[in-house]
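Participant: Mind having a look at this structure? Questions to follow.
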Amino acid sequence: MSQKIKVFGLFALGVALFIFSALFLLRVEAFTANAAAIDPAVYADLDASTDGQATYILYFREQADLSEAEHIDDWVERGRFVYERLRTTAARSQRAVQAKHALGVIPGQVTEFQPFWIANVVVVRGDREALDYLARQPHVARVLPEMKYDPPEPPVALDQPAGSVAATGVEWGVAQINAEAVWTAPYNSRGAGIVIGMIDTGVQWDHPALMAHYRGWDANAGRVDHNYNWFNPEPENTCDDAATGTCDWHGHGTHTTGTTVGGDGGDNQIGVAPDAKWIHALGCCPSNEAGLRTMQWMLAPTDLQGRNPDPALRPHVINNSWGGPGGSLIFQDIMAVLKAAGTMVVFSAGNSGSACGTLGSPSDNPAAFSVGATDRWNSVTGFSSRGPNPFSGKTGPEITAPGSQIRSSYPGSAYRLSSGTSMAAPHVTGAVALLLSVEPDLIGKVDQIEELLRRTAVPLVSSQTCDGVAGSEIPNNAYGWGRIDVAAAAGMIWQAGTYVGNIRDVETGLPVPGATIAV
43 MSQKIKVFGL FALGVALFIF SALFLLRVEA FTANAAAIDP AVYADLDAST DGQATYILYF
103 REQADLSEAE HIDDWVERGR FVYERLRTTA ARSQRAVQAK HALGVIPGQV TEFQPFWIAN
163 VVVVRGDREA LDYLARQPHV ARVLPEMKYD PPEPPVALDQ PAGSVAATGV EWGVAQINAE
223 AVWTAPYNSR GAGIVIGMID TGVQWDHPAL MAHYRGWDAN AGRVDHNYNW FNPEPENTCD
283 DAATGTCDWH GHGTHTTGTT VGGDGGDNQI GVAPDAKWIH ALGCCPSNEA GLRTMQWMLA
343 PTDLQGRNPD PALRPHVINN SWGGPGGSLI FQDIMAVLKA AGTMVVFSAG NSGSACGTLG
403 SPSDNPAAFS VGATDRWNSV TGFSSRGPNP FSGKTGPEIT APGSQIRSSY PGSAYRLSSG
463 TSMAAPHVTG AVALLLSVEP DLIGKVDQIE ELLRRTAVPL VSSQTCDGVA GSEIPNNAYG
523 WGRIDVAAAA GMIWQAGTYV GNIRDVETGL PVPGATIAV
């Protein structure tokens with residue numbers, strides 16, 4: 043072949059590549075002409091900012107297909123499948139935007155850029171020019187604002203110093219949901235083998251009622267290891283104690299942890315599942331960015347340096363006694379992901395009652411299992427948020443549990459009383475641990491556990507009608523399906539020849555609440 047032909051061939055190839063590139067860019071420009079939907083609140087945050095920047099979240103179009111996960115019975119394999127599928131999906135769809143950030147070609151100012159794989163999002167702090175540019179990127183579906191969550195109210199102190207208060211034995215809430223009946227024959231289950239994840243304000247890990255139940259504590263060696271068991275998403279802004287390795291900036295987290303698993307081996311029997319183990323993430327309540335970090339850690343816990351994630355160490359159930367105003371779907375995808383991994387997600391319904399339609403978020407998200415609060419007399423409390431659910435239009439909360447004047451652990455190795463749906467949710471979380479311990483074959487079968495709790499709840503009625511649903515109906519918008527009864531749920535598991543399953547909507551693939559099949 044002559045040199046002239048070679049040169050001509052290279053020239054033709056160059057022209058072809060140029061034309062192809064131009065056509066490709068035109069196609070991309072045509073595609074990106076339709077910018078992602080930007081929540082008006084993002085612009086409001088920019089207008090209110092003193093530096094012209096705001097924190098916002100880029101949601102990407104592609105979502106990982108996790109449908110195979112529910113067919114994987116092995117706990118370790120299932121977690122690994124979900125983890126790897128999420129990371130692969132996020133890496134693929136975020137690649138272009140991450141590259142532009144790395145090259146510094148995003149116009150305007152960008153002072154924070156944090157990718158996540160748990161929900162295929164990137165958290166950005168930047169100005170309006172950067173926002174408008176990023177919203178036009180082809181893989182970005184929508185842009186939502188950062189949300190701040192109000193810290194929970196502190197527990198009410200007992201009248202006497204904690205050290206002089208006589209222990210009451212099994213606390214009334216634990217007794218009322220019939221946990222004791224599951225501790226003894228024929229079940230003899232106290233939650234052994236089950237791990238509970240707490241997302242809260244932190245914890246005093248060495249509290250006398252909590253230390254023996256901490257997954258990081260090795261009693262035989264007399265040694266604690268916080269790797270994979272404690273997570274602080276923003277250590278510079280909170281309260282890590284160099285002496286102990288953990289902290290509780292508020293007291294709320296130590297209290298809720300006690301209700302799930304607490305017990306000092308004596309008369310302070312404050313927890314529903316005292317043989318279960320707990321891990322804790324200080325995810326409450328700076329922002330939804332901290333929430334994203336925390337949820338990501340729960341699916342694949344890491345060492346204290348944030349490295350070497352291991353989804354095999356994820357909890358079986360997560361307690362979330364926190365939330366914000368209703369109507370936000372920021373965490374919906376994440377809860378669906380955790381459910382796909384076999385982890386149940388329990389949320390307090392909120393303390394904005396007693397009006398109808400006051401459920402908070404994320405408890406109002408379809409994938410959450412929301413819990414309202416009752417008192418000693420099985421009456422819904424005035425503060426407990428009511429349904430209906432703003433997204434599904436169905437009743438809410440799912441269920442209720444004791445949440446008034448609950449005595450539990452408190453920092454300083456003390457005990458205090460507190461009221462709120464924050465106190466109700468841990469009763470349900472502990473009950474889930476008991477049921478999984480009664481029947482380990484139910485581990486990972488979140489739909490079945492949720493249906494067991496609904497079907498065996500003590501039905502309760504109210505005089506309140508919400509959205510046309512009378513309080514005399516079951517479920518209703520005050521109590522949901524009723525007050526939890528963990529012994530009744532354990533009994534249904536043990537009924538000879540009985541299997542409880544779900545009926546799913548053919549269009550959405552989601553379980554139809556209240557629709558079951560027994561064979």
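In this text, residue positions in the sequence shown follow this note's numbering: the first is 43, and each later residue adds one. Don't be surprised by glycine CBs; every beta carbon is placed ideally from N, CA and C. Here the structure is a predicted model, which is why all the values come from computation and not from measurement.
Going by Cα to Cα distance, which pick from TRP364, VAL359, MET337 is closest to PRO351?
Facilitator: Numbered from its first residue, the sequence shown carries residue 351 at position 309. Nearest option by C-alpha distance: MET337.
Participant: Any contact between the region 113-121 and the region 89-105? By contact I mean 3 or more CB pairs, one from each, below 8 Å.
Facilitator: no
Participant: What is the DSSP secondary structure of PRO187, counted as helix, strand or coil?
Facilitator: Residue 187 sits at position 145 when you count from the first residue of the sequence shown. Here PRO187 sits in strand by DSSP.
Participant: Nearest to GLY150 by CA position, among SER135, LEU128, MET253, LEU173, is which residue?
Facilitator: Along the sequence shown, read from residue 1 onward, the residue named residue 150 stands at position 108. Considering only alpha carbons, the answer is LEU173.
Participant: For ARG167, report the span of its beta strand (DSSP E) as first-last.
Facilitator: Taking the sequence shown and counting its residues from 1, one reaches residue 167 at position 125. Segment 163-168, the beta strand (DSSP E) holding ARG167.
Participant: Considering ALA323, what are the terminal residues of the beta strand (DSSP E) in which it resides?
Facilitator: Position 281 of the sequence shown, counted from the first residue, corresponds to residue 323. Here the beta strand (DSSP E) through ALA323 covers 319-323.
Participant: How long is the line joining the alpha carbons of ILE376 and ILE80, rounded to whole angstroms?
Facilitator: Taking the first residue of the sequence shown as position 1, residue 376 is located at position 334. Taking the first residue of the sequence shown as position 1, residue 80 is located at position 38. ILE376 and ILE80 have their alpha carbons spaced roughly 20 Å apart.
Participant: Could you have a look at GLY462 and say whether DSSP puts it in helix, strand or coil?
Facilitator: Translated into positions along the sequence shown, residue 462 becomes position 420. If DSSP states are grouped into helix, strand and coil, GLY462 belongs with coil.
Participant: Quick one: residues in its chain with C-beta nearer than 6 Å to the C-beta of PRO517, no 5 flanking neighbours on either side, listed in chain order?
Facilitator: Within the sequence shown, numbered from 1, the residue matching residue 517 stands at position 475. THR437, TRP523.
Participant: From SER446 to SER390, what distance separates their C-alpha atoms?
Facilitator: Position 404 of the sequence shown holds residue 446. Position 348 of the sequence shown holds residue 390. Approximately 13 Å between the Cα atoms of the pair.
Participant: Apart from the five residues just before and just after GLU171, which ones in its own chain have a Cβ nearer than 6 Å to its Cβ?
Facilitator: Taking the sequence shown and counting its residues from 1, the one referred to as residue 171 is at position 129. For GLU171, where only same-chain residues beyond five positions count, the Cβ hits under 6 Å are PRO149, GLY150.
Participant: Is MET240 near the ligand FMN, going by C-beta to nearest heavy atom under 7 Å?
Facilitator: The model depicted lacks the ligand FMN and carries no ligand whatsoever.
Participant: Is the region 492-508 in contact with the region 519-534, if contact means three or more CB pairs nearer than 8 Å?
Facilitator: With a cut-off of 8 Å, the region 519-534 and the region 492-508 count as touching, because enough Cβ pairs lie within range.
Participant: What is the DSSP secondary structure of ARG129, reduced to helix, strand or coil?
Facilitator: Along the sequence shown, read from residue 1 onward, the residue named residue 129 stands at position 87. Correct three-state label for ARG129: helix.
Participant: Leaving out five residues on either side along the sequence, give the residues of the same chain with a beta carbon under 7 Å from the beta carbon of ASP417.
Facilitator: As a first step, residue 417 must be located in the sequence shown, where it is residue number 375. Excluding sequence neighbours, ASP417 sits near THR423, SER446.
Participant: Taking the alpha-carbon of SER109 as reference, which of ASN310, LEU401, ASP483, PHE123 has the nearest alpha-carbon?
Facilitator: Walking along the sequence shown from the start, residue 109 turns up at place 67. Checked all of ASN310, LEU401, ASP483, PHE123; the closest Cα to SER109 is PHE123.
Participant: Write down the C-beta distance between ALA415 and GLY454 rounded to the nearest angstrom, noting that I regard them as a contact closer than 8 Å.
Facilitator: Stepping through the sequence shown from its first residue, residue 415 is reached at position 373. Stepping through the sequence shown from its first residue, residue 454 is reached at position 412. Wrong, their Cβ atoms sit about 26 Å apart, outside the cutoff.
Participant: Run the CB neighbour count on LYS381, radius 10 Å, all protein chains shown included, and call it buried at 16 or more, exposed below.
Facilitator: Position 339 of the sequence shown holds residue 381. Classification for LYS381: buried.
Participant: With a 10 Å radius around its C-beta and 16 neighbouring C-beta atoms as the bar for buried, classify GLU440 as buried or exposed.
Facilitator: Position 398 of the sequence shown, counted from the first residue, corresponds to residue 440. Looking at its Cβ environment, which holds 16 or more other Cβ atoms inside 10 Å, GLU440 is buried.
Participant: Suppose the cutoff is 6 Å on Cβ atoms and the five residues either side in sequence are ignored; what does the same chain contact list for ASP169 look like?
Facilitator: By one-based count along the sequence shown, residue 169 stands at place 127. So the list reads GLY94, GLN95, GLY150, GLN151, once near-sequence residues are dropped.
Participant: Determine which residues share a DSSP beta bridge with TRP272 and list them.
Facilitator: Along the sequence shown, read from residue 1 onward, the residue named residue 272 stands at position 230. Under DSSP, TRP272 forms a beta bridge with HIS322.
Participant: Looking at C-alpha atoms only, which residue of ARG525, ALA475, GLY384 is the closest neighbour of ILE236?
Facilitator: Along the sequence shown, one-based indexing puts residue 236 at 194. The shortest C-alpha separation from ILE236 is found at ALA475.
Participant: Specify, as a first and last residue, the run of the alpha helix (DSSP H) that ASN361 falls within.
Facilitator: Residue 361 sits at position 319 when you count from the first residue of the sequence shown. No alpha helix (DSSP H) holds ASN361; the beta strand (DSSP E) holding it covers 359-362.
Participant: State the DSSP-derived secondary structure class of ASN262, mapped to helix, strand or coil.
Facilitator: Translated into the one-based positions of the sequence shown, residue 262 becomes position 220. If DSSP states are grouped into helix, strand and coil, ASN262 belongs with coil.
Participant: Please return the same chain residues whose Cβ sits closer than 8 Å to the Cβ of SER505, not counting the five positions on each side in sequence.
Facilitator: As a working note, residue 505 is residue 463 in the sequence shown. Only GLY513 meet the Cβ criterion.
Participant: Give every residue of the same chain whose Cβ lies closer than 8 Å to the Cβ of PHE66, excluding the five residues on either side of it in the sequence, and list them in chain order.
Facilitator: What you label residue 66 is simply residue 24 of the sequence shown in a count that begins at 1. Residue placement at PHE66 is poorly supported in this model, since its pLDDT is 40, which falls under 50; the coordinates still yield a value, given next. Closer than 8 Å at Cβ, skipping near neighbours: no residue.
Participant: Buried or exposed, going by whether 16 or more other CB atoms sit within 10 Å of the CB of THR442?
Facilitator: As a position in the sequence shown, residue 442 is number 400, starting the count at 1. Buried is the call here.
Participant: Decide if the region 235-251 is in contact with the region 219-226; the criterion is three or more beta carbon pairs, one per stretch, under 8 Å apart.
Facilitator: no
Participant: Between VAL224 and the rest of its own chain, which residues show a CB-CB distance below 7 Å, the 5 nearest in sequence each way excluded?
Facilitator: In the sequence shown, counting from the first residue as 1, residue 224 sits at position 182. Only SER231, LEU476, VAL480, VAL528, ALA529, ALA532 meet the Cβ criterion.
Participant: Report the three-state DSSP secondary structure of PRO444 (helix, strand or coil).
Facilitator: On the sequence shown, residue 444 is found 402 positions in, with the first residue counted as 1. Looking at PRO444 - three-state DSSP - the assignment turns out to be strand.
Participant: Could you tell me the alpha carbon to alpha carbon distance between ALA315 and THR507, rounded to whole angstroms?
Facilitator: Reading the sequence shown from its first residue, position 273 is the one you call residue 315. Reading the sequence shown from its first residue, position 465 is the one you call residue 507. When rounded, the separation of the alpha-carbon atoms in ALA315 and THR507 is 35 Å.
Participant: Specify the secondary structure class of ARG178 as computed by DSSP and reduced to three states.
Facilitator: Within the sequence shown, the letter at position 136 stands for residue 178. Coil at ARG178, not helix or strand.
Participant: Is the Cβ-Cβ distance between TYR270 and ASP345 less than 8 Å?
Facilitator: By one-based count along the sequence shown, residue 270 stands at place 228. By one-based count along the sequence shown, residue 345 stands at place 303. Yes, the Cβ-Cβ distance between TYR270 and ASP345 is below 8 Å.
Participant: Does DSSP classify THR416 as helix, strand or coil?
Facilitator: Here residue 416 is taken as the residue at index 374 of the sequence shown, counted from 1. Reduced to three states, the DSSP call for THR416 is strand.
Participant: Quick one: give me the first and last residue of the alpha helix (DSSP H) that GLN156 is part of.
Facilitator: Working through the sequence shown from its first residue, we reach residue 156 at position 114. Counting along the chain, GLN156 falls outside any alpha helix (DSSP H), though it belongs to the beta strand (DSSP E) covering 152-158.
Participant: Please classify ASN310 as buried or exposed, where buried requires at least 16 neighbouring CB atoms within 10 angstroms.
Facilitator: Within the sequence shown, numbered from 1, the residue matching residue 310 stands at position 268. Buried.
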